[in-house]
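Per our numbering, the sequence shown starts with residue -12, numbered consecutively.
Glycine included, C-beta positions come from ideal geometry on N, C-alpha and C.
The structure appears below as structure tokens.
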Amino acid sequence: MPSAGLCAAGYHFNYLFGVHISVIAKVVERSRIRNHAVIARRAGAGCGVVLFSYFFVIINNKWYLMIQNNKSKTALNDKRIYIDFNASTPLKDEVKAAMIEDLEIFGNASSMHASGRLARARVEQAREAVAKLAGASPETIIFTSGGSESNNTVFQTMRSLASDAEGKPLGTGRVEFITTAIEHPCVLNSAMELKKHGYNVTFLPVDEFGRLRIADLEKALSEKTLFVSVMAANNEIGTVQDIKKIAKLVKSAGAFMHTDAVQAIGKIPVNADDWAVDYLSMSAHKIYGPKGVGALYVRKGSPLFPLIHGGHQEEGLRAGTYNNFGILGFGKAAQIAAQELEKYSGEISALRDLLRRGIEKNIPNIKINGHPTEVLPNTLNVSFPGAEGEAILLSLDMQGIEVSTGSACASGSLEPSHVLMATGVGPELAHGSIRFSLGWGITREDINYIVEILTPIIARLRAMSTLSVGA
Ligand code: PLP
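Structure representation (structure tokens):
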């Protein structure tokens, strides 16, 4: 499990007579991030009036002085621009309202009496909405606790299909697994777990834009291949794969095909039936639904073994009392996402392009990561040579702008992003990358403000850094 993403936390104490002290440092002394430290204090005096704040950050053994001018920031303190929608999304108002209403429905959705039937009816309504968004029929949808569980269930199923309890290959002789080097950690680590237990797992490389080369897949497939897992869209760089084409190839080789569509649903058209995949994973909290609920599409006739054993919920494929409150929220979010898909694509990609143009125009020597056209409409990943991603992130955060960086603190490790590294971006550039992921609520003014704030931050960090600002 990644260690806590908590690198620094701010605690502000207002003392009597206005001595204002703030300790922003809470250094996480975990061995994996030991050379990260934030040493911070806030300057200022008198009746709670603070003139400026500063703190020092050590990132990769380099010191950064972070200065925040509170005078100019006062108005901005109230406004936070969240532009990290690939990490999670806020609940849509309609979703929130539907969930609040559903709080009254307490029956167990497996009970036969009226309260149970009412709860069950809501679950089935949600199943229909989720199925529609995924291009599937309701009976192929199983509710889970999220994308991670959906992905793990498929990997465990494949492991059971590959060998018996002693690890001896089962009848088919198909014992090999294929995935890509840029998958989400819940897929990568599931695959690593198989590898650890002696299974043959191939991690296919990707091209400079993050696309899987079909020729590489063709070469890797054999009569021993049991299972292929390729994500529909990448969470860090937004690159979208041609899942229909990939699935066709995999199926013609006689293997099972899974796609992690957690970042794809609600952002681009997804059609599980048409793509002809066996399994497709989804998560509610990426589409303005609640956290802790997701779904797995299982093609009719494709095998699935439960990860969680217990009662007979979900045809015995996923035990546990229905999280009908969460499932209903997921259903409502899916219904809205399906209705708004076209609008989302047009409006959000226009804002994303505005951000890209603004960065390109104002900040020299940058690199845009990901595919130029086959990319999620909301994602922009940029490397800023000569500036550390975390220093950029913290500087932006101090100005009320919330973004993500692929490496270090966020993931609890000092390793540069495995996704960027797989696209051939070196460790230095990978460490200096920021993911902007847009969503509903972001305005043109927000984008202009981000560019206005980001430009001097990059100039300052580059000037401070001892890294060379080479192309
Ligand atoms: N797959 C991808 C591509 C993701 O981006 C995420 C979450 O960030 C997951 C899987 C995990 O989903 P969940 O948070 O619902 O477990």
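| Asked | Found |
| --- | --- |
| Just confirm the distance between the C-beta atoms of V285 and G313, as a whole number of angstroms; I'd bet it's less than 8 Å. | Actually they are not in contact, since the Cβ atoms of V285 and G313 sit about 20 Å apart, beyond 8 Å. |
| Check whether the stretch 266 to 280 touches the stretch 130 to 142, counting contact only when three or more Cβ pairs, one atom from each stretch, lie closer than 8 Å. | yes |
| Cβ of M179 within 7 Å of any heavy atom in the ligand PLP? | no |
| Thinking C-beta only, is M218 closer than 8 Å to T246? | yes |
| Excluding the five sequence neighbours on either side, which residues of its own chain have a C-beta within less than 6 Å of the C-beta of N187, listed in chain order? | E163 |
| Could you pull the start and end residues of the alpha helix (DSSP H) that T442 belongs to? | R431 to M451 |
| Within its chain, find whatever has a CB closer than 7 Å to the CB of R146; leave out the 5 residues flanking it on each side and keep chain order. | L181 |
| Once the 5 residues before and after K119 are set aside, which same chain residues still bring their CB inside 6 Å of it? | A325 |
| How many whole angstroms separate the CB atoms of P372 and N356, which I take to be in contact at a CB cut-off of 8 Å? | Not quite, the Cβ-Cβ distance comes to about 12 Å (not below 8 Å), so this is no contact. |
| Locate the alpha helix (DSSP H) running through Y331, then write down its first and last residues. | N311 to N349 |
| Please determine whether the Cβ atom of H272 lies at a distance below 7 Å from any heavy atom of the ligand PLP. | yes |
| Would you be able to state if there are at least three C-beta pairs under 8 Å between the stretch 223 to 230 and the stretch 195 to 204? | yes |
| For E163, which of helix, strand or coil comes out of DSSP? | strand |
| Quick one: give me the first and last residue of the alpha helix (DSSP H) that N139 is part of. | G134 to A149 |
| Which class does P172 belong to by DSSP, given the choice of helix, strand or coil? | helix |
| Give the secondary structure of I129 by DSSP, where H, G and I count as helix, E and B as strand, and everything else as coil. | strand |
| Would you be able to state if there are at least three C-beta pairs under 8 Å between the stretch 296 to 310 and the stretch 71 to 88? | no |
| Do three or more CB pairs link the stretch 107 to 123 to the stretch 201 to 213 at distances below 8 Å? | no |
| Around the C-beta of D340, are 16 or more other C-beta atoms found within 10 angstroms, so that it is buried, or is it exposed? | exposed |
| CA-CA distance, G318 and G426? | 19 Å |
| Tell me, please, whether the stretch 376 to 394 touches the stretch 162 to 177 by the rule of three or more beta-carbon pairs shorter than 8 Å. | no |
| For S332, is the beta carbon positioned less than 7 Å from some heavy atom of the ligand PLP? | no |
| Judging by CA-CA distance, which residue of I444, V412 and L342 is the nearest neighbour of N435? | L342 |
| DSSP three-state label for I274, please. | coil |
| Based on the DSSP output, what are the partners of H245 in its beta bridges? | S216 and Y266 |
| Taking the straight line between their C-alpha atoms, what separation do you get for A446 and R431? | 23 Å |
| Which runs of the beta strand (DSSP E) at least 3 residues long sit entirely within the stretch 350 to 419? Give them in chain order. | 354 to 356 and 366 to 370 |
| Might you give, ordered along the chain, the residues of its own chain that have their beta carbon closer than 6 Å to the beta carbon of K58, omitting 5 neighbours on each side? | Below a pLDDT of 50, predicted positions are generally treated as unreliable, and K58, at 43, falls in that range; no measurement from the model is reported. |
| Using three-state DSSP, classify V524 as helix, strand or coil. | As displayed, the chain neither begins before -12 nor continues past 458, which places residue 524 out of reach and without an answer. |
| Any idea which residues DSSP pairs F423 with across the strands? | L367 |
| Compare the C-alpha of Q322 against each of T410, A85 and T167 and name the closest. | A85 |
| Nearest to A149 by CA position, among R114, T166, A242 and L383, is which residue? | A242 |
| Once DSSP output is grouped into helix, strand and coil, what is the label at G197? | coil |
| Is K66 closer than 8 Å to G387 when the C-beta atoms are compared? | yes |
| Using the beta-carbon count (16 or more within 10 Å), is L364 buried or exposed? | Note on residue identity: the sequence assigns Pro, not Leu, to residue 364. With 16 or more other Cβ atoms within 10 Å, it is buried. |
| Taking the alpha-carbon of L90 as reference, which of S102, P359 and M244 has the nearest alpha-carbon? | S102 |
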